[in-house]
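Chains as they are written, first to last, in my numbering: chain A, 3 to 207; chain B, 130 to 511; chain C, 160 to 345; chain D, 25 to 420.
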Amino acid sequence: MTSSARACLKTRLLMQTLEQIKDRITASFPDARLEIIANGSPANQPSLLLDHAHARQIARFLRDDPALRFDYASNVTGVDWPEKIVKEKIKVKKIIDGVEKEMEEVSDRKTSAFLESVYHLYSMTLGHGPLVIRLRTVNRGDDVALPSLTPVWRSCEFQEREIFDLFGIQFQGHPDLRRILMWDNFVDHPMRKDYVPTDSGEVAL
Amino acid sequence: MMAVSDLQTSRAGDSAGHDLLEVSMGPHHPSTHGVFRMNVVLDGETVVKLSPVFGYLHRNHEKIAEKNSYLASIPYTDRLDYICSMTNNWAYVLSVEKLTGLAVPERAEYIRVIVGELTRLFNHACLAGFLLQDMGALGTPLMYAFREREKILDLFESLSGARMMCNYMRFGGCRCDLPDGWLEQAAKTVANFDSFLDHFEALLTGNEIIRARSDGVGVLPAALAINAGVTGPGLRASGVNYDIRKVDKYGIYSRFDFRVPLGERGDVFDRYMVRILEMRQSLKILEAAMRDIPAGAIIDPKAKLRNLRPKAGEAYGRIEGPKGELGFYLISDGSATPYRFRIRPPSLINLTVLEDMCLGHTIADVVIILGSIDIVLGEVDR
Amino acid sequence: MLGFGIIKGLAETWRNFIGSYYDPARLTTVQYPEQKLPPNENARTIPFLVFDGEDPMAGLRCTACSICAQECPAHCIEIVKDTTKKPDYLGKMQFYPKVFNIDMGVCMACGICAEVCPFDSIKMDRVFELSSHDRGMVLQKSDLAKPNDYFREIHPTEAAAVDAARAEEQRKAEAKKAANPVLAKS
Amino acid sequence: MKGLDQIFISTQHALAGLAPAPLQPLVSMVLIIACLMSVFGACFALTTILERKTLGRMQNRFGPNRVGPFGLLQPMADGIKMIIKEDIVPFSADHALHFLAPLVLTVPIWLAFSVLPFGRNMTAVELDAGILFFFAIGSASELAVFMAGWSSQNKYSLVGAMRAVAQMISYEVPLVLSSVPVLMAAGSLSLSDIVQAQSGCALGWLPHWNVFTPWGLAGFALFLIAAAAESNRCPFDLPEGESELIAGYLTEYSGFKYALFFLGEYLGLFAVTGLAVTLFLGGWQAPAAWLEWVPSWGWFAVKFSAIIFLAIWIRATLPRLRMDQLLNFAWKFLVPLALINLLVAVAWLKTGTWRFPAAAEVRWLLGASVLAIAYVCLGRHWNGPAPRPRQYSYAE
């Protein structure tokens with residue numbers, strides 16, 4: 003076995019599963035609400051949803067915990083999830099004519115609308131990753147806010163500014179939250195799914 | 130282990146009673162590498178505050194990609210970092226492969242490594258040229274670098290049809306096979322590149338003026354570099370061993386024997402030197418790859434270029450681009466267009482520490498510090 | 160800081176200066192309009208439409224399927240189907256384009272249209288001297304149509320493969336016709 | 025051969041002789057001025073094109089070769105372009121100063137040529153204190169540069185002008201100091217006398233040029249470095265510093281005024297180059313007696329071109345220094361070395377009476393070793409502690 007292959011094995015061992023990481027966080031922050039978001043693609047990168055109140059503390063914990071040491075926030079981005087109607091098939095047991103039958107019933111369900119910021123964390127010290135953490139806003143109105151993780155990872159600085167610019171999430175605790183790619187007088191947030199481009203971009207009539 | 134405290138973004142301090150000079154460098158300044166702008170506050174010629182301004186080249190590539198099919202985004206990635214289109218292609222198709230679970234045939238993997246390392250070679254050589262241009266060397270090193278780059282671009286042209294906007298890789302492989310005689314030509318180019326590097330270094334590395342200009346200028350401490358997400362040669366010049374080719378071992382990089390050069394102080398000279406040493410390592414990879422490349426298919430037969438509809442889900446794929454970690458974050462909702470298409474641009478994120486590196490240096494140093502970070506505005510502004 | 164590095168650098172530029180008088184590797188510039196680099200077979204610039212036979216409009220291979228227009232990253236292709244069908248080289252009835260415009264001001268020469276075309280109709284050209292005195296950036300069907308001979312000339316390898324495949328298909332179709340005269344008549 | 029050597033002088037006399045006697049001095053002066061301006065004007069045009077072609081060759085390309093044979097008419101095309109270009113003056117600029125600056129730069133530099141001996145008997149004005157006049161005229165350009173930078177009302181121009189003034193004042197000191205030994209050796213301030221003092225040969229083959237003495241060699245190098253800085257040539261082109269300051273004090277100039285600045289800059293280079301030839305390379309003297317069939321002005325031209333080529337060659341190779349390093353270099357390296365050189369020159373002149381065997385060689389070696397030691401000691405430390413070689417580690 004070459005030394006590089008051995009090193010590779012070592013990093014794999016060090017990398018804990020998301021459940022283990024979640025347990026580790028819960029042990030330190032018992033009242034934090036965490037949720038694992040599954041990922042349907044073959045990439046196998048499930049993510050961890052954090053609550054606003056503990057987000058920055060947990061981020062700092064993830065960065066400084068000796069077994070995790072996610073010292074490097076690689077990619078920070080926003081996602082817009084507008085409300086949409088999902089048709090769901092639910093199997094319902096119904097008693098029809100005295101006989102219990104399994105029926106499929108189609109129901110419309112509205113998903114909740116929110117904006118999301120996604121952080122891909124890696125560890126440069128231990129060489130593992132990615133750990134995907136997410137933060138979600140309560141709705142997708144104009145003044146939605148999330149805690150900024152820039153005080154924990156400087157690399158979030160421009161990327162959170164970009165999310166603020168393109169998605170319109172206010173990051174609380176960000177040292178310098180201004181528009182970054184669009185000009186200062188621009189009014190809308192172009193990466194939102196319902197954005198309608200205007201000619202000047204300054205007055206959305 | 131380093132104790133990382135919360136690193137606050139540094140903002141300008143007071144000026145000790147001097148009158149300050151505020152200069153807007155860019156967007157039409159000769160050495161901002163495009164349409165980058167810095168608002169620099171000077172005390173004499175010393176920088177006391179610097180704030181970068183972006184967006185002059187913004188075209189919202191991410192939104193365009195959300196309206197296009199997966200295939201149609203590949204030519205757009207060429208135009209991100211318009212110097213290194215091959216590695217941009219690679220990062221994108223790697224992410225789509227993660228999203229769809231496509232496998233890449235052996236031969237295609239080798240071709241990817243070859244073109245990716247060739248891209249790294251000319252990117253680093255040109256960067257050294259641009260850096261010297263910023264130091265005022267009137268283009269001679271740049272012309273030598275471009276002379277070698279032309280040879281590699283000729284190779285890319287006969288392979289993909291275009292010199293810079295290659296649009297060559299496809300999810301599950303590559304678009305077309307190597308033409309006859311391509312490998313021999315490439316081997317010749319690579320063999321010449323070694324002696325070019327020797328001469329290039331004879332011109333630059335020992336030069337006292339370059340040494341005086343770059344020694345101790347723009348020092349980036351390792352802890353700050355990690356925290357600020359600096360990647361690529363800039364990070365390794367600060368002595369942090371983090372090369373995604375080694376960490377992720379994407380593609381077939383685990384098969385090649387190469388080492389990661391690490392800098393000592395993290396100043397401009399180290400960033401230049403690490404790139405030179407990296408080129409020499411790339412030559413080793415190239416030689417091995419050209420020797421071992423097998424015959425076979427170049428694209429996964431399951432790969433469906435048109436009308437690709439990945440399962441709903443998301444994937445983040447990243448490669449070690451010449452400028453740093455180039456990542457693509459894709460979310461699919463099962464339709465033929467990506468639901469979310471995000472580029473992690475190394476150029477933009479490496480600029481986070483620009484102010485920290487420039488404070489206390491003179492305006493002439495700002496230019497070379499910016500030059501040593503290696504940015505391309507097509508990628509910064511997207 | 161004693162200047163030896165500077166002298167080494169001066170020697171390096173001197174080598175290139177002298178070399179430029181006898182060594183072609185030290186004088187790589189091409190004197191463009193008089194002197195041109197040998198054309199590269201795989202090079203691509205802008206798309207064109209291949210036609211067979213003599214008449215460009217009658218022999219167009221394009222069947223107005225609009226795949227290229229859908230896949231075009233810049234959405235620069237505009238296709239309007241003709242209302243009537245015409246037989247193609249296999250004798251099958253196909254639609255033909257009434258309008259086929261490519262906006263060259265938008266086209267980014269990526270070659271995806273040529274890659275996805277199932278009829279080998281749209282191919283990438285190799286011309287690069289495209290400057291003109293007017294703003295005729297939208298190329299019409301008639302501007303785009305070029306004979307198959309031209310395609311053979313600029314991309315010999317690819318054209319040979321395409322021609323062989325088409326001849327093979329034609330042969331198969333004829334064999335089928337011969338085996339099934341009834342079907343063919345109907 | 026005498027005829028060819030004195031062809032300019034005899035032509036001048038012949039032409040002046042055609043004029044009525046009272047006007048002859050005036051006509052002869054006008055002829056000299058016209059001749060100087062046309063020769064060095066043409067020299068400027070030729071140097072721009074040759075510089076671009078040489079740079080091109082050093083960078084593996086042809087350089088301009090489209091206008092005329094070998095591109096030799098390129099300066100004409102450039103000139104026409106410069107003249108017909110719109111002359112843009114910034115709205116808030118000080119218009120009078122902005123207009124005057126290029127004139128103030130160019131006019132005095134022409135005067136500097138009046139004292140240079142271009143060949144045997146070919147000095148426009150025989151001044152007893154020629155070199156003093158030369159340096160006095162040469163320092164007028166600082167004023168013009170600062171006028172340009174200040175009047176443009178542009179921050180880059182201002183920074184460029186400040187740099188230029190600091191640089192020119194600093195480098196005037198080593199420039200003058202490195203030429204003082206020559207004056208001591210010749211015992212005269214007249215440039216013609218200095219050339220005359222360098223005639224003849226030592227040991228039968230080595231010309232008596234100052235550059236072949238240890239102090240002369242060191243002085244020549246110091247003079248060239250300081251001259252490059254005085255004329256804002258690479259690697260001391262900080263006042264323009266196009267990668268930092270866009271064009272420095274020239275940023276707000278366009279059209280013909282811009283061309284005038286360039287003219288001034290090149291004329292400044294020619295003037296100091298001519299002085300370097302005069303002071304150190306024996307002026308118009310031929311290197312050996314059997315080569316004297318070449319006219320004296322031809323020898324001047326050859327030496328002059330060689331130094332101009334050196335300047336172009338350096339420009340193609342080196343990046344520029346930073347402002348603080350530039351000043352450190354002047355004050356911590358050039359000035360001390362020039363002073364030591366002065367001492368060596370004094371010792372050299374005092375030991376001229378040594379009459380033991382191989383005395384010349386011993387003097388030479390002693391002088392050279394003192395200068396070499398001073399060079400190494402000063403060279404190591406002018407920019408703070410010397411950078412140590414770096415070790416690059418590799419991670420697997």
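Cβ coordinates follow ideal geometry from the N, Cα and C atoms, glycine included.
Quick check: the Cα distance between residue i and residue j, rounded to an integer number of angstroms?
i: A/Ser5; j: B/Asp386; result: With a pLDDT of only 41 at A/Ser5, under the threshold of 50, the placement of this residue in the model should not be trusted, and no figure is reported.
i: D/Leu198; j: D/Val206; result: As written in the sequence, residue 198 of chain D is Pro, which differs from the Leu given in the question. In a straight line, the C-alpha of D/Pro198 is about 14 angstroms away from that of D/Val206.
i: B/Ala315; j: C/Ala326; result: 36 angstroms
i: C/Gly250; j: C/Glu328; result: 11 angstroms
i: B/Met131; j: B/Arg340; result: For B/Met131, the predicted structure reports a pLDDT of 33, less than 50, and the residue's modelled location is therefore unreliable. A value from the coordinates is still provided. Spanning the two alpha carbons is a distance of roughly 30 angstroms.
i: B/Cys303; j: B/Gly290; result: 13 angstroms
i: A/Asp33; j: A/Lys24; result: 13 angstroms
i: A/His130; j: C/Gly178; result: 51 angstroms
i: D/Ile112; j: D/Tyr282; result: 10 angstroms
i: D/Thr425; j: D/Ala295; result: Here chain D has residues from 25 to 420 only, and residue 425 of chain D is not among them.
i: C/Tyr180; j: D/Arg81; result: 8 angstroms
i: B/Asn356; j: A/Ser157; result: 6 angstroms
i: B/Ser139; j: B/Val397; result: Bear in mind that a pLDDT of 36 at B/Ser139, under 50, signals an unreliable position, so the number given afterwards is only what the model happens to contain. Between B/Ser139 and B/Val397, the C-alpha separation is close to 20 angstroms.
Excluding five sequence neighbours on each side, which residues of the same chain lie with their C-beta closer than 6 angstroms to the C-beta of residue i?
i: D/Gln98; result: Ile73, Pro88, Val91
i: C/Lys300; result: Phe259
i: A/His54; result: Pro149
i: D/Gly173; result: Ser181, Leu182, Gly184, Ala185, Tyr273
i: C/Ile236; result: Cys227, Ala228, Ile261
i: A/Gln161; result: Val78
i: D/Asn178; result: Thr275, Glu276
Determine, using beta carbons only, whether residue i and residue j come nearer to each other than 8 angstroms.
i: A/Ser43; j: B/Leu228; result: yes
i: B/Arg469; j: B/Leu459; result: yes
i: B/Tyr273; j: B/Phe322; result: no
i: D/Pro238; j: D/Trp406; result: no
i: B/Val176; j: B/Gly489; result: yes
i: A/Leu151; j: A/Phe72; result: no
i: C/Ala268; j: C/Arg203; result: yes
i: C/Asn339; j: B/Leu288; result: no
i: C/Phe163; j: B/Gly335; result: yes
i: D/Ser175; j: D/Leu121; result: yes
i: D/Trp233; j: D/Gly306; result: yes
Kindly indicate if chain B contains any beta-carbon less than 8 angstroms away from that of residue i.
i: C/Val275; result: yes
i: C/Ile236; result: no
i: C/Lys167; result: yes
i: C/Gly270; result: yes
Under a CB-based cut-off of 8 angstroms, is residue i close to chain C?
i: B/Pro430; result: no
i: D/Leu428; result: The requested residue 428 of chain D is not part of the displayed model; chain D covers only 25 to 420.
i: D/Val235; result: no
Can you find a CB in chain D that lies within less than 8 angstroms of the CB of residue i?
i: C/Phe176; result: yes
i: C/Gly164; result: no
i: B/Arg276; result: yes
Going along the chain, which residues of its own chain have a beta-carbon closer than 8 angstroms to the beta-carbon of residue i, five neighbours each way excluded?
i: D/Met192; result: Ser163, Ser165, Glu166, Val169, Ala253, Glu254
Give me, in chain order, the residues of the same chain whose beta-carbon lies closer than 7 angstroms to that of residue i; leave out the 5 immediate sequence neighbours on both sides.
i: A/Leu20; result: Ile38, Pro48, Leu50
*Give a yes or no on contact between the segment 342-357 of chain D and the segment 258-266 of chain B, applying the rule of three or more CB pairs nearer than 8 angstroms.*
yes
*At least 3 beta-carbon pairs within less than 8 angstroms: the segment 45-61 of chain A vs the segment 94-109 of chain A*: no
*Does the pairing of the segment 107-114 of chain A with the segment 161-171 of chain A give three or more beta-carbon distances under 8 angstroms?*
no
_Counting beta carbon pairs with one atom in the segment 221-231 of chain C and one in the segment 273-280 of chain C, are three or more of them shorter than 8 angstroms?_
yes
*How about the segment 159-167 of chain B and the segment 430-443 of chain B: do they share at least three Cβ pairs that are nearer than 8 angstroms?*
no
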